[in-house]
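A.B. asks: Dropping the structure in here first, questions after.
In my numbering, the protein residues as written are 1 to 292.
Take a look at the structure:
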């Protein structure tokens, strides 16, 4: 068995590569899309293949992230039903020798063999993420009435409140991604990230004077669903304030006949975990992040 670094500018190589990916991921269009996304990433690095007698057994694509530049992201393609563990081991060993920065793998339950192999190679699971679908039911009792709760649309023109809001977004995201640190961006980049695609009338904050003490952000996914994005508070002693914000959003979702609200719940985010305690939901997908 041998390992080769592939030249994606070579059309013959590209055809062979795409044929292999189509073959092993023919039932998993999402995995094929992730692989192609890695190939076309702005900060794409390399493609490696493990092969035996010219037969490709496994492929790895590596790229870097704009937001998380301190590691190398790895996407793998192989026959999920008949994995060659030796081929995967050769690729992992090659990548560890190639890169000085940590390797980052984001895997779901279809990659159980890789998870076992990474564990044996002293990789650490740094985060478990559940993609949940929250049921937008009308909460019992009266609707939320709290003069401290404002929508982003209502504070949009208040520079002081918006600055505080963006600073809190940065604080929460940075603190909940310490194992794979975010890059040092100017505050305007954080503002753009938070506001891009934001449903301002359904995204709420808790206000205390000019200070923002809690926030919960909604983004439109499609006609039938919304996406719950960043959530957080300035002090964990006030984490129950999130309940009122989420309740307002559930009320909005019911009024707009939304089927479900999707949320990524990271095991490293106490605010997302708190939300799970007060809503009805089902787990749609589970992801595991490994790094070394």
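In this text, a Cβ means the ideal position worked out from N, Cα and C, and glycines have one as well. Source: prediction; values computed, not measured.
Classify residue 87: buried if its beta carbon has 16 or more other beta carbons within 10 angstroms, exposed otherwise.
C.D. replies: Position 87 of the chain shown holds residue 87. For residue 87, the number of other beta carbons within 10 angstroms of its own is at least 16, and it is reported as buried.
A.B. asks: Give the straight-line distance between the Cα atoms of residue 269 and residue 23, rounded to the nearest whole angstrom.
C.D. replies: Numbered from its first residue, the chain shown carries residue 269 at position 269. Numbered from its first residue, the chain shown carries residue 23 at position 23. The straight-line gap from Cα to Cα measures roughly 37 Å.
A.B. asks: I'd like to confirm the pairing. Which residues does DSSP put opposite residue 134 in its beta bridges?
C.D. replies: Translated into the one-based positions of the chain shown, residue 134 becomes position 134. Answer is 261, 281, bridged to residue 134.
A.B. asks: Helix, strand or coil for residue 163 per DSSP?
C.D. replies: The sequence position of residue 163 within the chain shown is 163, counting from 1. Helix, per DSSP.
A.B. asks: What is the DSSP secondary structure of residue 237, counted as helix, strand or coil?
C.D. replies: Position 237 of the chain shown holds residue 237. The answer is helix: DSSP assigns residue 237 an H, G or I state.
A.B. asks: To the nearest angstrom, how far is the alpha carbon of residue 158 from that of residue 180?
C.D. replies: By 1-based counting over the chain shown, the position of residue 158 is 158. By 1-based counting over the chain shown, the position of residue 180 is 180. Each residue's alpha carbon lies about 33 Å from the other.
A.B. asks: State the DSSP-derived secondary structure class of residue 226, mapped to helix, strand or coil.
C.D. replies: By 1-based counting over the chain shown, the position of residue 226 is 226. In this structure, residue 226 counts as strand in the three-state DSSP scheme.
A.B. asks: Which same chain residues, not among the five before or five after residue 165, have their C-beta less than 8 Å away from its C-beta?
C.D. replies: As a working note, residue 165 is residue 165 in the chain shown. Correct list, in chain order: 152, 155, 194, 205, 212, 215.
A.B. asks: Does the beta carbon of residue 122 fall short of 7 Å from some heavy atom of the ligand ZN?
C.D. replies: As for the ligand ZN, it is missing from this structure, which has no ligand bound.
A.B. asks: Does the distance from the C-beta atom of residue 134 to that of residue 260 stay below 8 Å?
C.D. replies: Locating residue 134 in the chain shown gives position 134, counting from the first residue. Locating residue 260 in the chain shown gives position 260, counting from the first residue. In contact: residue 134 and residue 260 (Cβ atoms closer than 8 Å).
A.B. asks: How far does the beta strand (DSSP E) with residue 205 in it reach, from first residue to last?
C.D. replies: Counting from one through the chain shown, the residue named residue 205 turns up at place 205. From DSSP, the beta strand (DSSP E) with residue 205 extends over 204-208.
A.B. asks: Quick test of your reading: residue 287 and residue 106, contact by CB under 8 Å. State the CB separation rounded to the nearest angstrom.
C.D. replies: Counted from its first residue, the chain shown places residue 287 at position 287. Counted from its first residue, the chain shown places residue 106 at position 106. Going by Cβ atoms, the distance from residue 287 to residue 106 rounds to 6 Å, so yes, they are a contact pair.
A.B. asks: Within a Cβ cutoff of 8 Å, which residues of the same chain sit near residue 277, ignoring the five residues on either side of it in sequence?
C.D. replies: For the purposes of this step, residue 277 is taken as residue 277 along the chain shown, with counting starting at 1. Within the same chain, residue 277 has no close Cβ partners at all.
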